[in-house]
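Numbering (the numbering used here), first residue to last: 95 to 1107.
All residues carry an ideal CB built from backbone N, CA and C; glycine is no exception.
Remember, it's a predicted structure, so these values are computed and weren't measured experimentally.
Okay, structure first, notes after.
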């Protein structure tokens, strides 16, 4: 079975087997998944799913809407783990989710155990209430209630197991909140009474019983059960059987009481609780403000050591102070006896030698050497002591386990559901609501909250400081002022340490501990807006790996090894702090621009060969650095080097903006065809002489082909034929020119040329290893199959093309392949599928700002609507496209087809005369373009609209003959129109008369048939 893990013990969660989160898009798709998970491995009928998802507000086509959501769910799963779409099976009368990897299964398994460790592990699986993000939905209510009851049973059994181990004090404390939430649950109350009595708190146990008896009588009219009554009697009688077993020591700690909820650290707490019993030294490392202290204290609070926990605050010590041992003695309450000659470290060892406790050493970084010396001795000489340290750098001791505390996960976008699931957003919202009573997360605030969390890197302290400003500025006002974050993010809260009252102080604490050379390197690293490779850091910052490693150890630089190559990153707030302290900014930025210009120039040829995917990924990773380099010295040289990358990624506007900067004469000549090509690609009209001038300097270059190829969509095929390179200087340009010729042949209906050019282009690109080129060539091989009526083969080719394009993240080509598949779905009468595909293509084209892709997608939307009887919608789409096509300096290649479809929609809407005018216009455009294949559709459309049945029959005959001549068989959907007209004419004329007129028409040329009108 495909490795996808599902979690319902909290908000709905989906992860790959490697632990990567899987994004399930949209509220309805998540609700569908929750419904299937609640009924996993069982068929859920389509009718029930529709009712669960929409209730009384079902869409017009509920079955189709459900199918779309199922397709989106399958795609989300399959994108994360190839083959995972098969988990969602179509089974009459509905769907089935076949899955075993659900956290509930592991919970059920652990819940059957009796030991403390496994029961604790079972409860650690819970991340909140079951099905938390859909808990109000009727379809999960029973399952969520069942799981909540199971959780309570496990909590009761865990408390009983801990009582048997003698943890009466801790159990009594832990049960207080749980009993308050479930005051009438007698089993839970019984465990609490036992714990309180065993802890020596008999009066509290009796008060708890009395409170339960009163509530039962008042709320339910009942008395406590016989078992609880008997326990109450035993407490009154001071039954010796209820006494606590002997304990090794008194459990005590000096941890501060929590003042608010710890948010977003449930998994971290569970992991650390499991680690501490096995590991004597654990150091929590991370940048200032990430929440190391709070995580350490909450972890310590959740642990059980015979002699308890002691927190030692080291922040008050001056940097380098040797008084660490004295601080530990103070926390232990060990007082110096008169006349003692022992050193403080010896006294710590003596005080702890026979104790079993957890020592929490907080804020070690500024006294790292004396801390390391003391801890090394404790680990060596005191076997019962474990240490949990917090520091911005490791202690550097043998046996030390480093646990890096990450910032809280931030939302990827402003989608309300995504923001609600983000731990960073939940922390900010909770703290903001505490400052401003009316603040809440909703559709109006979600986008601003998401932006704020991302800008502050999910850093808990920064989020909490920002929350204090919401009352005065509102969340949008806080976001707008983040460019001045060091003045903004301060607090007047008097119970916070001075080093945490401002963001500047938090970062400055670490900055002040660096030597001068490391400060210089750190400041220079801030010029990389999205991190850098070790090589880039060494060259731009003129440093070495030792200096970088020191900065990583001090938690000021983050080493990110999640990608193809390791990268050094700064949190945004750290980078902003460092930029203010960068003294040689112009020189450093100059080196940065030079490095990335050379990188782009190495990448450009690689984008046209077998390493295309690797170079695309590398440039994607470095995009922020490339943009920064453009703004700080890269200029036109860098813009030209990036032009093909921008085209492949569909960033046309960005390319034009970068290419608009001036350069030297050589750079201007190289940039000219790129400027023209991008302008044409965005629908602008360029005078023919301007195009000629742009490509004149090097008419056989890649850029020249790019500019000329962009002309095709504008319909000026004569100028394209004049300017296309005829003697390519390299195989790539030859293959690219062949794709242009294939495009033209498709527009002209020239199947022989189309087959020759597309096939040869595909072979050349395959030899080069250029997957984009193979995509383009295969697109026209698929177009040939469509022309020949081989729709299944065409769809298979375009599905393969779509897969390639998605793997390479070539979004313009993804648009094209989706539109082709939508077009083919129209031709084969699958109108629901056509609309779904065309809508995806249209949305993506809008994102990409690609006029050509928008036109293709909207054409399929219009055709699908017309063929499916949605005439008003069809007229809207098709009229818009017709206006666009008429507005071109040359007739747009798509215009005849659009006018024909619009004519049919008008005719079916009851206005045959207006429809006839559109079909005649379509014929005249096709005639002017000299494309006989495009004249067939207008003839068939005229037959549908003309009032004379005799003329209509001859037009049908001429159209049928033209289809044979052009080898363009009608698609199933096209036959629906001709069959409809044929049936009407046969009824009006009689079969024999109709057949005779049809034969007459077959002897007419398209022009002669048009003359019949």
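- As a beta-bridge residue in DSSP terms, residue 663 pairs with 652.
- When DSSP states are grouped into helix, strand and coil, residue 1097 belongs to the coil group.
- Leaving aside the five residues that flank residue 1040 on each side, the residues in its chain whose CB is nearer than 8 Å to its CB run, in chain order, 1006, 1010, 1046, 1049, 1107.
- In the DSSP assignment, residue 859 falls within the alpha helix (DSSP H) that extends over 845–862.
- Between residue 739 and residue 701 the beta-carbon gap is near 6 Å, inside 8 Å, which marks them as a contact.
- Contact between the segment 512–528 and the segment 549–557 is present, with at least three C-beta pairs closer than 8 Å.
- DSSP places residue 196 in the strand class (E or B) of the three-state scheme.
- The three-state reading of DSSP puts residue 505 in coil, since its state is none of H, G, I, E or B.
- Inclusion of residue 123 and residue 129 in the CB contact set at 8 Å is not warranted, their separation being larger than that value.
- DSSP places residue 925 within a helical segment (H, G or I) once states are collapsed to three.
- Shown here, residue 497 sits in a strand according to DSSP, grouped into three states.
- Using a Cβ distance threshold of 8 Å, residue 438 and residue 425 do not count as a contacting pair.
- Listed in chain order, the non-local C-beta contacts of residue 278 below 8 Å within the same chain comprise 306, 309, 310, 313, 314, local neighbours out to five positions each way being set aside.
- The beta carbon of residue 140 lies closer than 8 Å to those of 157, 160, 187, 188, 189 in the same chain, with the five residues before and after it left out.
- Take residue 618, set aside five residues on each side of it, and the residues of its chain with a beta-carbon closer than 6 Å to its own are 635, 682, in chain order.
- Ranked by Cα distance from residue 504, the first of 540, 236, 493, 497 is 540.
- Between residue 551 and residue 666, the gap from beta carbon to beta carbon is short of 8 Å.
- The segment 595–602 and the segment 373–384 touch, with three or more beta-carbon pairs separated by less than 8 Å.
- For residue 481, the enclosing beta strand (DSSP E) starts and ends at 479–485.
- Sorting 350, 735, 729, 750 by C-alpha distance to the C-alpha of residue 758 places 729 at the top.
- Taking a C-beta distance under 8 Å as the contact criterion, residue 297 and residue 283 do not qualify as a contact pair.
- In this structure, residue 864 lies near residue 826, with their beta-carbon atoms less than 8 Å apart.
- Secondary-structure assignment with DSSP links residue 772 through no beta bridge to anything.
- By the beta-carbon neighbour count (other beta carbons within 10 angstroms, threshold 16), residue 482 is buried.
- Cβ-Cβ distances below 8 Å link residue 978 to 949, 986 in the same chain, with the five nearest sequence neighbours on each side left out; the list follows chain order.
- Between residue 145 and residue 152, the alpha-carbon positions lie close to 8 Å from each other.
- For residue 148 and residue 925, the gap between their C-alpha atoms comes out near 23 Å.
- The straight-line gap separating the alpha-carbon atoms of residue 838 and residue 162 is approximately 35 Å.
- Annotated as distal: residue 191 and residue 98, with beta-carbon spacing of 8 Å or more.
- The segment 219–239 and the segment 252–266 do not touch, with fewer than 3 CB-CB distances between them shorter than 8 Å.
- When the five nearest sequence neighbours on each side are left out, the beta carbons in the same chain lying within less than 7 Å of the beta carbon of residue 798 are those of 767, 789, 792, 819, in order along the chain.
- When DSSP reads this structure, residue 138 sits in a beta bridge with 189.
- By alpha-carbon distance to residue 562, the top candidate from 410, 394, 110, 529 is 529.
- Inter-segment contact for the segment 1074–1094 and the segment 892–910 is absent: fewer than three beta-carbon pairs are separated by less than 8 Å.
- The continuous alpha helix (DSSP H) containing residue 546 extends over residues 540–549.
- In its chain, beyond the 5 residues on either side, 459, 604, 648, 649 have a beta carbon closer than 6 Å to the beta carbon of residue 486.
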